[in-house]
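Colleague: Below are the structure tokens for one structure; questions will follow.
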Ligand code: AMP
């Protein structure tokens with residue numbers, strides 16, 4: 012997306028993470044991650060120190076960490092502003108040396124020097140600054156930087172120092188859960204900051220778990236925190252890595268049972284197992300099963316399928332630990348009524364995690380944004396608020412553009428109309444267009460035009476596992492719900508099987524006020540043309556279904572029809588097929604009225620054939 016040239020001295024948002032860091036920027040079109048030249052959103056918070064040469068930062072440092080174990084620093088955030096005595100000993104198992112640094116603070120002996128955690132973080136921040144400068148094409152000197160809610164003053168100061176070393180002024184240090192809430196527009200709108208909403212931020216990452224209960228400060232200060240932290244709980248040794256470990260334990264246990272208890276797994280083999288366990292885990296977030304396969308040499312192949320249900324049983328104790336922390340946090344906060352739950356961290360992509368959170372808090376959590384990006388996006392929103400570039404679109408009280416879904420043939424069925432005041436909800440019934448269709452793709456669109464090609468695509472998802480039925484029989488209810496923060500949830504549910512699928516999006520992200528005006532103006536300019544095209548597209552879809560039923564019945568009873576009638580029926584069929592072919596060639600050039608009449612004519616002519624078919628089936632015959 013091109014950036015407006017009016018950016019002067021921008022403030023970016025930075026999520027300085029334990030494992031990965033990101034930089035984001037928020038303008039009229041909403042917050043977005045600034046990617047590096049290779050298209051990566053995440054920069055690994057990993058730095059390799061090379062004696063007498065420049066440090067290596069990010070992807071390259073992480074990729075070669077195994078070759079340079081003693082000179083590659085990761086997880087430096089755990090040491091920021093912490094004393095050596097306090098922290099040095101408690102984090103074991105790191106391949107690089109943690110030493111007693113300046114003023115008794117923890118530091119690292121790497122690349123022939125002593126390096127502080129701030130210096131490590133400064134390398135990461137400098138790399139992010141460079142990415143931001145490339146994308147925004149201006150010098151970047153200011154940032155909002157996030158830290159965990161539990162960071163004390165020394166840790167926050169260390170973060171500021173790291174920024175200064177990198178040539179960045181940390182205009183504000185913001186709590187990560189606060190940023191996550193801001194990314195969803197909660198608290199970002201001055202106008203809606205009237206009530207005191209209570210928000211839970213559930214952050215389940217790779218190595219740590221944190222849950223925070225926040226309260227929006229009504230009419231809160233413009234320049235300060237919009238949220239008060241009511242309570243925080245967590246587990247600094249609980250993360251996605253433990254889920255990988257659970258899969259590894261399953262696999263190594265079964266391998267030993269099958270091929271000998273004496274089998275050893277050296278470090279290289281363990282690393283390979285870890286990569287593959289993580290892949291299987293990620294597969295299970297979207298698929299029902301994953302195949303685990305390990306080759307141990309000739310005739311010693313381990314292979315088994317891990318189903319979603321079994322996976323969920325294995326990880327249940329870990330998920331339960333996160334819920335126990337949620338219970339503690341809720342108790343410490345005085346068991347308040349919760350208005351929203353926001354998900355952060357890669358491990359919240361696991362469906363069992365989401366449903367456990369939903370069950371505990373009794374509400375669907377917010378998951379419209381990528382859980383790895385939500386903190387950085389929120390930091391960017393805070394930055395925009397601070398720089399005075401308030402986003403009008405975050406202040407939505409109405410739906411700025413209509414919302415709907417794609418129907419057969421590329422038309423759009425609108426469920427929520429433009430200017431509907433929020434919150435709002437709408438439902439409509441749909442069905443399948445092909446016999447035996449078991450999956451339906453739902454394509455969510457935004458805009459005023461009639462055809463998919465002229466609207467803005469905002470989400471796609473699949474409803475799977477519909478029992479096979481003839482086309483048109485399944486009853487699929489699609490529900491659109493836009494809540495008070497402008498977040499859209501679309502749910503599709505098939506009545507008979509109870510199958511459901513859902514997606515969340517923030518329709519205003521990526522959309523400027525100018526875009527809204529243009530899309531609205533376009534819809535007036537093209538109104539007549541669009542109506543005609545929509546009508547033709549619908550005619551094509553319904554005619555196809557009619558033709559299918561008629562041709563199926565005709566195949567069964569053809570021999571009972573008199574030749575003159577058969578001829579009139581076939582000519583009506585040919586005529587309608589001709590209109591469909593013409594419409595597919597160019598919908599604009601078709602005479603919709605003539606098309607409609609051809610369809611009606613076939614309907615009328617086919618009545619007699621249907622009667623013959625019914626009589627025949629009453630006689631108990633089939634073709
Ligand atoms: P974070 O620390 O927030 O970057 O989260 C990283 C963790 O999320 C790692 O343990 C990843 O394995 C995990 N993760 C990322 N994507 C998925 C996914 N699709 N399903 C399950 N876990 C995931």
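Residue numbers (the working numbering): 12 to 634.
Here a beta-carbon is modelled for each residue, glycine too, at the ideal position from N, C-alpha and C.
Where do the ends of the alpha helix (DSSP H) carrying residue 293 lie?
Modeller: Here residue 293 refers to the residue found at position 282 of the chain shown. Residues 278-297.
Colleague: Quick one: is the Cβ of residue 69 within less than 7 Å of any heavy atom of ligand 1?
Modeller: To locate residue 69, count along the chain shown from 1; it is residue 58. For ligand 1, not one heavy atom lies less than 7 Å from the Cβ of residue 69.
Colleague: State the DSSP-derived secondary structure class of residue 94, mapped to helix, strand or coil.
Modeller: Start at 1 with the first residue of the chain shown, and residue 94 comes out as number 83. Residue 94 falls in the strand class under three-state DSSP.
Colleague: Looking at the unbroken beta strand (DSSP E) that takes in residue 488, where does it start and where does it end?
Modeller: What you label residue 488 is simply residue 477 of the chain shown in a count that begins at 1. Residues 487-493.
Colleague: What does a CB cutoff of less than 6 Å around residue 304 pick up in its chain, not counting 5 residues either side in sequence?
Modeller: Along the chain shown, read from residue 1 onward, the residue named residue 304 stands at position 293. Hits under 6 Å: 314.
Colleague: Using a Cβ-based criterion (distance less than 7 Å to any ligand heavy atom), does residue 30 qualify as near ligand 1?
Modeller: Position 19 of the chain shown, counted from the first residue, corresponds to residue 30. Yes, ligand 1 has a heavy atom inside 7 Å of this Cβ.
Colleague: Who does residue 416 pair with in a DSSP beta bridge?
Modeller: For the purposes of this step, residue 416 is identified with residue 405 of the chain shown, where counting begins at 1. Its beta-bridge partners are 424, 455.
Colleague: Leaving out five residues before and five after residue 482 in sequence, what residues of the same chain have Cβ atoms less than 8 Å from its Cβ?
Modeller: Residue 482 sits at position 471 when you count from the first residue of the chain shown. Cβ within range, chain order: 442, 443, 444, 445, 446, 448, 556, 559.
Colleague: Answer yes if the region 248-265 comes into contact with the region 44-56, meaning at least three C-beta pairs across the two stretches below 8 Å, and no otherwise.
Modeller: no
Colleague: Residue 585 to residue 630, Cα distance in whole Å?
Modeller: Taking the chain shown and counting its residues from 1, one reaches residue 585 at position 574. Taking the chain shown and counting its residues from 1, one reaches residue 630 at position 619. Roughly 30 Å between the two C-alpha positions.
Colleague: Roughly how many whole angstroms lie between the Cα atoms of residue 537 and residue 437?
Modeller: One-based indexing of the chain shown puts residue 537 at position 526. One-based indexing of the chain shown puts residue 437 at position 426. The straight-line gap from Cα to Cα measures roughly 26 Å.
Colleague: Quick one, are the C-beta atoms of residue 453 and residue 474 less than 8 Å apart?
Modeller: For the purposes of this step, residue 453 is taken as the residue at position 442 of the chain shown. For the purposes of this step, residue 474 is taken as the residue at position 463 of the chain shown. Cβ atoms of residue 453 and residue 474: closer than 8 Å.
Colleague: In the DSSP output, which residue or residues are listed as bridge partners for residue 440?
Modeller: Position 429 of the chain shown, counted from the start, is the residue given in the question as residue 440. Partner(s): 488.
Colleague: Take residue 616 and list the residues in its own chain whose beta-carbon comes closer than 7 Å to its own, dropping the five residues that flank it on each side.
Modeller: Counting from 1 along the chain shown, the entry for residue 616 is found at position 605. Taken in chain order, the residues that qualify are 579, 580, 583.
Colleague: State the start and end residues of the unbroken beta strand (DSSP E) segment that holds residue 306.
Modeller: Here residue 306 refers to the residue found at position 295 when the chain shown is read from its first residue. Counting along the chain, the beta strand (DSSP E) containing residue 306 begins and ends at 300-306.
Colleague: Who are the near neighbours of residue 386 in its chain, counting only those whose CB is closer than 7 Å to its CB and skipping five residues on each side?
Modeller: As a working note, residue 386 is residue 375 in the chain shown. Closer than 7 Å at the Cβ level, and outside the excluded window around residue 386, lie 26, 157, 187, 190, 191, 355.
Colleague: So, using beta-carbon positions, are residue 547 and residue 612 closer together than 8 Å?
Modeller: Here residue 547 refers to the residue found at position 536 of the chain shown. Here residue 612 refers to the residue found at position 601 of the chain shown. No, Cβ-Cβ distance for residue 547 and residue 612 is not below 8 Å.
Colleague: Among 563, 97, 104, which one has its Cα closest to the Cα of residue 111?
Modeller: What you label residue 111 is simply residue 100 of the chain shown in a count that begins at 1. The residue with the shortest Cα to Cα distance from residue 111 is 97.
Colleague: Measure from the alpha carbon of residue 281 to the alpha carbon of each residue in 468, 396, 257, 48, then state which is nearest.
Modeller: Looking up residue 281 in the chain shown gives position 270. Of the listed residues, the one whose Cα sits closest to residue 281 is 257.
Colleague: In angstroms, rounded to a whole number, what distance separates the CA positions of residue 358 and residue 432?
Modeller: Indexing the chain shown from 1 puts residue 358 at position 347. Indexing the chain shown from 1 puts residue 432 at position 421. Their backbone Cα atoms lie some 34 Å apart in a straight line.
Colleague: Could you spell out where the alpha helix (DSSP H) holding residue 147 opens and where it closes?
Modeller: Start at 1 with the first residue of the chain shown, and residue 147 comes out as number 136. Note, residue 147: alpha helix (DSSP H), 128-147.
Colleague: According to DSSP, is residue 82 helix, strand or coil?
Modeller: As a working note, residue 82 is residue 71 in the chain shown. Judged by DSSP in its simplified three-state form, residue 82 adopts coil rather than helix or strand.
Colleague: Alpha carbon to alpha carbon, what distance is there between residue 330 and residue 159?
Modeller: For the purposes of this step, residue 159 is identified with residue 148 of the chain shown, where counting begins at 1. For the purposes of this step, residue 330 is identified with residue 319 of the chain shown, where counting begins at 1. Computed Cα separation, rounded: 21 Å.
Colleague: Whose C-alpha, out of 506, 589, 623, is nearest the C-alpha of residue 573?
Modeller: By one-based count along the chain shown, residue 573 stands at place 562. With distances taken between Cα atoms, residue 573 lies closest to 623.
Colleague: Assign residue 562 to buried or exposed, taking buried as 16 or more other Cβ atoms, counted over all protein chains shown, within 10 Å of its Cβ.
Modeller: Stepping through the chain shown from its first residue, residue 562 is reached at position 551. Residue 562 should be labelled exposed.
Colleague: Quick check for students: name the residue ranges of the alpha helix (DSSP H) that lie wholly in the region 144-188, counting only runs of 4 or more.
Modeller: You should have 164-176.
Colleague: Which residues does DSSP list as the beta-bridge partners of residue 505?
Modeller: Within the chain shown, the letter at position 494 stands for residue 505. 487.
Colleague: Would the beta-carbon of residue 289 be found less than 7 Å away from any heavy atom of ligand 1?
Modeller: The sequence position of residue 289 within the chain shown is 278, counting from 1. Taking 7 Å as the cut-off, the C-beta of residue 289 counts as close to a heavy atom of ligand 1.
Colleague: Check whether the Cβ of residue 358 sits closer than 7 Å to any heavy atom of ligand 1, and report yes or no.
Modeller: Position 347 of the chain shown, counted from the first residue, corresponds to residue 358. Yes; taking the cut-off as 7 Å, the Cβ of residue 358 has a heavy atom of ligand 1 nearer than that.
Colleague: Under three-state DSSP, which class holds residue 220?
Modeller: Here residue 220 is taken as the residue at index 209 of the chain shown, counted from 1. Assigned with DSSP and collapsed to three states, residue 220 falls in strand.
Colleague: I'd like to confirm the pairing. Which residues does DSSP put opposite residue 37 in its beta bridges?
Modeller: Numbered from its first residue, the chain shown carries residue 37 at position 26. 42, per the DSSP bridge assignment.
Colleague: Mind checking residue 618: buried by the 16 CB within 10 Å criterion, or exposed?
Modeller: Sequence index remark: in the chain shown, residue 618 carries index 607 (1-based). Residue 618 should be labelled exposed.
Colleague: Tell me which residues share the same chain as residue 122 and place their Cβ nearer than 8 Å to its Cβ, disregarding the 5 neighbours each side in the sequence.
Modeller: If you number the chain shown from 1, residue 122 lands on position 111. Excluding positions up to five away in sequence, the list reads 59, 60, 61, 62, 66, 82.
Colleague: Where does residue 590 land, buried or exposed, given buried means 16+ other C-beta within 10 angstroms?
Modeller: Counted from its first residue, the chain shown places residue 590 at position 579. So residue 590 ends up on the buried side.
Colleague: Identify the residues that DSSP records as bridge partners of residue 55: which are they?
Modeller: Along the chain shown, read from residue 1 onward, the residue named residue 55 stands at position 44. In the DSSP output, where bridge partners are listed per residue, residue 55 has 31.
Colleague: Roughly how many angstroms lie between the CA atoms of residue 152 and residue 56, to the nearest whole one?
Modeller: Translated into positions along the chain shown, residue 152 becomes position 141. Translated into positions along the chain shown, residue 56 becomes position 45. So the alpha carbons of these two residues sit roughly 20 Å apart.
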